[in-house]
Structures are given as C-alpha cells and as structure tokens.
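Using this note's numbering, the first residue of the sequence shown is number 232, and each one after it goes up by one. For each residue, glycine too, the CB sits at the ideal point set by N, CA and C.
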Amino acid sequence: MKILRILTSSISYQLIKGQLKYMSDNGYEVVGVSGLPEERANEASIREGIKTVITPHLVRSISISNDVRALFELIKLIRREKPDVVHANTPKASLLGITAAWWCRVPHRIYTVTGLRFQTAKGFFRWLLITMERITCRFSTKVIPEGDGVAKTLLDEHITRKPLKKLHNGNINGIDLAYYDESAIPISLLSQAKSETSFSEESFTFIFVGRIVRDKGICELVEAFTRLQQEHPEARLLLVGNFEQELDPLPEDVYHTIQSHPAIYCAGWQNDVRPWFAVADALAFPSYREGFPNVVMQAGAMGLPCVVSDINGCNEIIIEGENGLIIPSHDAVALYQTMKRMIEDKALYTHCQQNARPLIASRYKQEDVWQATLEMYRSLTGDAK
232 MKILRILTSS ISYQLIKGQL KYMSDNGYEV VGVSGLPEER ANEASIREGI KTVITPHLVR
292 SISISNDVRA LFELIKLIRR EKPDVVHANT PKASLLGITA AWWCRVPHRI YTVTGLRFQT
352 AKGFFRWLLI TMERITCRFS TKVIPEGDGV AKTLLDEHIT RKPLKKLHNG NINGIDLAYY
412 DESAIPISLL SQAKSETSFS EESFTFIFVG RIVRDKGICE LVEAFTRLQQ EHPEARLLLV
472 GNFEQELDPL PEDVYHTIQS HPAIYCAGWQ NDVRPWFAVA DALAFPSYRE GFPNVVMQAG
532 AMGLPCVVSD INGCNEIIIE GENGLIIPSH DAVALYQTMK RMIEDKALYT HCQQNARPLI
592 ASRYKQEDVW QATLEMYRSL TGDAK
C-alpha cells in the first residue's frame, strides 16, 4: 500500500518528524511531496527513510499561475505514483493535493485540518479562505480535525457535513518526550542561552515562542508585560521567533518597545527551543487563533506552566488551574492580571509546574499519536491487524 503525504513547504516535514518513518517501518510505502526548499526535503528523505518529491510551484501564498501549475504537477505525480492514500494537512497542499487526488480517483483522500486561517480574516479574503476549506473537505473522503475546537469551527461555519473525529487526544504528531526533556539539552546550548539572556536567578521569566506578529497576540503581550514589570521589577520577557514586518507588521510603538525595553530579550528564530524553555519560568501565549499548538505542548513537556488564550487547541491542552491558566483572546488586561497571578500565587505556580509535564505525557505521547494514525490507515486500506 502506498501513501502520498503532501505538504506545502518542505519545512513542514519537521511538524511530522518521525511519523513517516513509523508508517514505512509498519509496511507502507511512503512518498513525501512538498514545495521548496529542496534541501529540507532531502533532509526529510534521509531522516525518514522515504522517497521525497518536490513540486516547485506549490507555495503558501495565493497565486493563480503558481496554483494552476502546482495542480497539474500534482495530477501528473499522482498518476505516476498511483497511491492508495493521499493525505494532506497544510492549507494550500490540502486544497491542491486533495483536488488532484479526486481528479485521479485516488480511493482514500484524507484531509487533516489544523489551523483555520479564516478565523482572523475579514471581508472577501475570509470568504475566499472558507470557500477553499469547503472545496478541500468536499473532495476528501475523510476529514480529521486536529482537535475538538477545530471540529466545532468546521461545523459552526458549515464547512463540511462529513463525520469529524480527532485522532487519539488531538494534535498531528504528538510530543517527543525524550527530546523535550531538560536533561536532554546539551550543556553548551543551555549555557549559551543563559549567557545571552543574562537574567538573574531572581528573575521570573515569561517566554513566548512563535512568529512575532499581531495574530499571535504580541501587542497584548507587550502591553501586559510592560505594566506588570512596573509592579514586579524581577519580571522578564523572552521572545523566541522571527518578526514578519513585511507580511504582518507590528505597530511601530510595539516594535520599538520590544527593541528598547531592558527587561525584554529577543532571541530570534532558534532551531532548538529547548534551552530557551529551560531558562524560563512560564509560557505566555496569547495567540488569536491556532489549530493545536505544538509550542504549548513543548512548554508543558519542559515543565512550564502556561498562560494561553481561550482558543482552539490551547483550551484543550491546558486545564485551568492544573497546568496553566486560560484568558480571553485580545484581552491585555486579563493577560496582565493572569501573568501577575502566576508570579504572586506561589502555590498555584508550583501546582501547575508539577502537573505540566505529566499532563502532556499522559495525553500526547508521540508514539500513541503515530499508532492511532497507523490504525486509521489500516482501517481504510483493509490492512487492520
């Protein structure tokens, strides 16, 4: 049995790291399909032990010329490979890949729905994104929501009437507990992170990991933190990720505060986020929309209590008062009050810290997610064992 796993960018192979090898080891012929960059696809091929194919016109942005070319490239590829299953999970790859698979009459066309971009869009662009989701779901034989929140949104917005059931407890790949463990961090990387931040042992550090853009709640985070820091001089804010000033620019005053505030440190994009989690005390993640955020699971696995928005995924991973606290989205005042509570309520902080890793380990262990995915494939292809 052959599975074609389609991703928009080859960078996204990192999101399903290990999963394709697991399927290959369990008897499936797996072919990875993605856009550029080619070197990331080659890395995935070696790591997962699978064949990878580049579809050069498969890109994230909406482009009629690129999208039409990518669609025909995918149709040609599917006709050549003759897969039994086509499985896609990033928006553009899903739309084009599932459509191409439908055209080629692939018997099993699986769409795993992660973040829904239309949730923060407006006007015509929102309508366009919803229409794209409806087309993808219509041409799929199976739609898998990454979490309960995503399933509810799909139903509320009348995107599909197909049965919706998440795999295992949600998330697309689970969490590698051996990797996200403080004892597994190279000492040199940990020392470097401590040296770069130069935060004292008395500091209480909130960390944010992700794109430093409006949609991630950065404006509210900076507003809440600067107010908090006036009352708690020991408070620190560590930002790990890239700015996207061309695609989603921050207001000039927010950007200036981040660059100039003595208690805020920007580490930029990091290939290994573990040392940065290790120098922090809690995650602050006030995002506007998510599917099932890996960052929250990673922070929890590293033993950090989390302050998150009441949005899809976040409110499934975090149990209020047990491994973190949940706040309304777009609410800088609530964020400030909750960050303050995390510092001042020592008993609450300790309780959440002690529960953080066990609650992630019990629900999102990577091998359990892989096994659930394997069993789903087997049920479709008649290979149940």
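Check                                                                                                     : Outcome
Coil, strand or helix - residue 318 by DSSP                                                               : strand
Check: residue 344 C-beta below 7 Å from any heavy atom of the ligand ADP                                 : Within the structure as shown, the ligand ADP is missing, as the structure has no ligands at all.
Nearest to residue 303 (by Cα), restricted to the options 400, 292, 329 and 279                           : 329
Same chain, Cβ closer than 6 Å to residue 537, five either side skipped, listed in chain order            : 514, 527, 530, 549 and 555
Helix, strand or coil at residue 406 according to DSSP, with G and I counted as helix                     : strand
Whether residue 432 touches residue 563 by CB criterion (8 Å)                                             : no
For residue 565: DSSP bridge partner residues                                                             : Paired residue(s): none; residue 565 is not in a bridge.
Minimum C-alpha distance to residue 346 - residue among 332, 260 and 401                                  : 401
Nearest-angstrom Cβ-Cβ length linking residue 238 and residue 324, presumed shorter than 8 Å              : 5 Å
Residue 265 burial status per 10 Å Cβ neighbour count (16 or more: buried)                                : buried
Span of the beta strand (DSSP E) around residue 466                                                       : 466 to 471
Cβ contact (3+ pairs, closer than 8 Å) linking the segment 268 to 278 and the segment 294 to 313          : no
Neighbourhood of residue 460 by C-beta, 7 Å cutoff - its chain only, sequence neighbours within 5 removed : 466 and 494
Residue 567 vs residue 458 beta-carbon contact at 8 Å                                                     : yes
Beta-bridge pairing of residue 339 - partner residues as DSSP gives them                                  : 316
Nearest residue (CA-CA) to residue 291, options 354, 243, 338 and 469                                     : 243
Sequence ranges, beta strand (DSSP E) only - wholly within the segment 332 to 389, length at least 3      : 339 to 344 and 373 to 376
Local conformation of residue 515 per DSSP, three classes                                                 : strand
Reduced DSSP secondary structure (H/G/I, E/B, other) of residue 485                                       : helix
Stretch pair the segment 352 to 370 + the segment 381 to 398: three plus CB contacts closer than 8 Å      : yes
Of the residues 247, 439, 305 and 534, the one placed nearest residue 285, counting alpha carbons only    : 305
At least three beta-carbon pairs within less than 8 Å, the segment 505 to 514 to the segment 484 to 491   : no
Where residue 261 sits in the DSSP three-state scheme                                                     : strand
Contact the segment 243 to 256 vs the segment 328 to 344: 3+ CB pairs below 8 Å                           : no
Selection from 482, 492 and 442 that minimises the alpha carbon distance to residue 501                   : 442
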